[in-house]
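Chains A and B are the protein sequences, given in the same order.
Sequential numbering of the first sequence, starting at 1, is according to this note's numbering.
Sequential numbering of the second sequence, starting at 370, is according to this note's numbering.
All C-beta atoms in this analysis are idealised placements derived from N, C-alpha and C, irrespective of residue type, glycine included.
In what follows, a single structure is set out as structure tokens and then discussed.
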Amino acid sequence: MNSFEKVQHCMDVLPIKDRHDIPVYPMMLIYPGRVAGFTQQDICEDTDKWLEALEITFQKVGYPDLCQGNGPQDVIFLHGLEAMRPGHEVGPDESFQLHETCRMEVEDYEDIAKNGRLQWYNRYLCTIQHPPMTPEQLGQRWMQVGMNSAKIGQYLGSHGVVPIHGSASAPVFDALSMTRSFQEFVYDLYDEPDLVKAAIKRGTSEVIGQVLGNLEHSPIKRASLFAMRSDANSISPEIFEEFSWPALKEMIESFHKAGVQTVLHADGNWLPMLPKLLELPKGSTLVELDGVTDIHKAYDILKGWLAIRGDVPATLMAFSTPDEVSAYCEDLIQMALNGSGGLVLGSGCEIPLNCKLENLQAMMDSVRK
Amino acid sequence: MSILAEISEALQKGKRKQVTALVQQALDEGIPAPQILNEGLLAGMDVIGVRFRDNEIFVPEVLVAARAMNAGAELLKPHLAEAGAVSKGKIALGTVKGDLHDIGKNLVRMMFEGKGFEVIDLGVDVAPEAFVKAVQEQDCGIVACSALLTTTMPVMGEVVKALEAAGLRDKVKVMVGGAPVNQEFAASIGADAYTDDAASAADKAAELIG
């Protein structure tokens, strides 16, 4: 199978007979800069430079089956939080970081519920840029994201690598948690539950329309949803069920009806939440785990129904040996071979900046023995 | 149910206004402030800590309970000062240099406070020297370091070395935590303790110096 076939086979949760059929996806946003000898500032300000770094990295370790569809220049923007940028707010070769502060008032829930989230979010996005943008500049920035995305898609396609998605967004629940800031948002869930729910309801229909609109002309009929605050390290299963899940389910089902598969980026511990995911249509979703969720237990819950990606931990990639990485990967590979497929061998979230190249090589080689 | 038990129960449910009213009522009834703190507020936070550690409750329940505790403690402050009440010890807490993440660190702070510790919160991006300075100036018994990035984890080792260089290592215990940190790493840098959640961190701190 080529990479496109492997990825589709995996997402459709079909059994596999051979380790070569397991797609491999080391999520490498910032790490290629280190491999190529470029600074973080270089790759975060210039998508061409990032693609150059990516190519140098792939030349060393081999081409993966899957790759992210946006470079760091745009991921920083798309996160929707104030960024501490390499060469500006942090050192030129330090990783970018996101600075979460309360940028939203309780009244904003009402505004979102009444007037829609997009108008609010675009206003908000303008204010968090360095320097703040005008609406016209923001529009140009969105166009740049689209152009960069097309460029990345073209590069990956020319090497037979599959972009993980054609469009990406965040569930409104998770996005609100970040713009309002985690602690304040949690208080709002207790103090103003109806306002929060109304904002989520209105915003969700907009996100669905926006994602499907973006995918209309994309050859990649997959949408990533970055659910960074719906895990059990952030909220309780009860809060998940009451606030987050209804909208998440609505999004994934709407995508499914439109022929779009979802890539659910599920950072943190999702174990208590996973049984709810069985309510989703079979093969509708790839669940990306970051090493915090027990992947074996997750696989037992979801196997044969939804695919998972995971979860070689960042700590292992940074501080362990290639043998230890190989052993970790082998355990995951055997899980998929003895189970029912549906595994993308991936990094737990992102390959860290201080990953040892030989560890990445060990991960890549583990499905190519 | 005694009023102190009522305070504890209301706190566990995150009922901030109720906790405030009950604390005021307890003060009006002449119950000493240290007793209200220990048998009402901190007793409630103890239950929250155990239930959180045992995965019976989750972060939001801890946050609203801590918010209720702080509301009650605010009322007690002048009375505690009058009574000459002292904390169980001081902890210098911070996210290490190069790392700007603070959600986990803030949760740990709440759990430390819920155990009756005074927390010197140094914030994020904290240099090893700042931890040393806090220990020297504030007489802290524990230095607690947080990191969320594998690239900033080594700074925790620099904190240990800076404390050694300042001749303070024997006087303080060093605790480390954060998503990528584990026991093996903690041992490799010479930290005294690693815990994988905020409630266990507070328990461990009590074990170390409480």
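Interface partners of residue i on chain A, CB under 7 angstroms
i: T585/B; result: For residue 585/B there is no data in the structure shown, the boundaries of chain B being 370 and 579.
i: L469/B; result: M84, Q97, H99
Residue i (DSSP reduced to helix, strand or coil)
i: F182/A; result: helix
i: K542/B; result: strand
i: V504/B; result: helix
i: D65/A; result: coil
i: G116/A; result: coil
i: F58/A; result: helix
i: G160/A; result: coil
i: T47/A; result: helix
i: F240/A; result: helix
i: Q381/B; result: helix
i: A568/B; result: helix
i: N94/A; result: It should be noted that the sequence gives Glu, not Asn, for residue 94/A. The answer is coil: DSSP assigns E94/A none of H, G, I, E or B.
i: I460/B; result: strand
i: Q261/A; result: strand
i: H99/A; result: strand
i: V344/A; result: strand
i: V24/A; result: strand
i: L286/A; result: strand
i: A575/B; result: helix
i: R141/A; result: helix
i: R478/B; result: helix
i: A223/A; result: strand
i: A560/B; result: coil
i: V292/A; result: coil
i: A266/A; result: strand
i: V589/B; result: Residue numbering for chain B in the displayed model covers 370 to 579; residue 589/B lies beyond these limits and cannot be assessed.
i: V392/B; result: helix
i: V367/A; result: coil
Beta-carbon neighbours of residue i, restricted to chain B and to distances below 8 angstroms
i: F182/A; result: I472
i: V292/A; result: A548
i: L189/A; result: P429
Under 7 angstroms from the C-beta of residue i: neighbouring residues of chain B
i: L277/A; result: Within chain B, no residue comes near L277/A; the closest Cβ sits about 18 angstroms away, beyond 7 angstroms.
i: I239/A; result: P429
Chain-ordered neighbours of residue i on chain C, where CB pairs are closer than 9 angstroms
i: V428/B; result: The structure shown contains no chain C; the protein chains it does contain are A and B.
Interface partners of residue i on chain A, CB under 8 angstroms
i: L432/B; result: Q183, V186, Y187
i: R436/B; result: Y187
i: G383/B; result: Y190
i: N475/B; result: Q183
Where the beta strand (DSSP E) containing residue i begins and where it ends
i: C514/B; result: 511 to 515
i: G441/B; result: Looking at the DSSP string, G441/B is not in any beta strand (DSSP E); the run it does join, the alpha helix (DSSP H), is 428 to 452.
i: I308/A; result: 307 to 312
i: L195/A; result: No beta strand (DSSP E) holds L195/A; the alpha helix (DSSP H) holding it covers 193 to 215.
i: M84/A; result: 82 to 84
i: G370/A; result: Outside the shown range of chain A, which is 1 to 369, sits residue 370/A, and nothing can be said about it.
i: A168/A; result: 167 to 169
i: D490/B; result: 487 to 490
i: L14/A; result: Careful: L14/A lies outside any beta strand (DSSP E) and carries neither H nor E.
Span of the alpha helix (DSSP H) around residue i
i: G413/B; result: 411 to 422
i: S254/A; result: 245 to 257
i: R34/A; result: 31 to 36
i: A336/A; result: 322 to 338
i: P72/A; result: 72 to 78
i: K276/A; result: 274 to 277
i: M525/B; result: 522 to 534
Any non-hydrogen atom of the ligand NAD closer than 7 angstroms to residue i Cβ
i: P15/A; result: The ligand NAD is not among the ligands present in this structure, which contains no ligands whatsoever.
In chain order, what residues of the segment 391 to 422 of chain B put their CB closer than 7 angstroms to some CB of chain A? none
Listed in chain order, which residues of the segment 85 to 98 of chain A have Cβ atoms closer than 7 angstroms to some Cβ of chain B? E94, S95, Q97
Give, in chain order, every residue of the segment 534 to 565 of chain B whose Cβ lies closer than 9 angstroms to some Cβ of chain A. A548, P549, V550, N551, E553, F554, S557
For the structure I just gave you, are there three or more beta carbon pairs, one from the segment 531 to 543 of chain B and one from the segment 494 to 505 of chain B, closer than 8 angstroms? yes
So, does the segment 378 to 388 of chain B touch the segment 410 to 422 of chain B, judging by three or more C-beta pairs under 8 angstroms? yes
Mind the definition here: the segment 313 to 321 of chain A touches the segment 338 to 345 of chain A only if three or more C-beta pairs lie below 8 angstroms; say whether that holds. no
Check whether the segment 50 to 67 of chain A and the segment 89 to 104 of chain A are in contact - that is, three or more C-beta pairs closer than 8 angstroms. no
Would you check if the segment 453 to 470 of chain B and the segment 490 to 497 of chain B touch, i.e. whether three or more CB-CB distances between them fall below 8 angstroms? yes
Measuring CB atoms only, is the segment 179 to 194 of chain A touching the segment 147 to 161 of chain A, in the sense that at least three cross pairs come out at less than 8 angstroms? no
When you compare the segment 128 to 135 of chain A with the segment 106 to 120 of chain A, are there three or more beta-carbon pairs, one atom per stretch, that lie closer than 8 angstroms? no
Between the segment 200 to 216 of chain A and the segment 250 to 259 of chain A, can you find at least three pairs of beta-carbon atoms closer than 8 angstroms? yes
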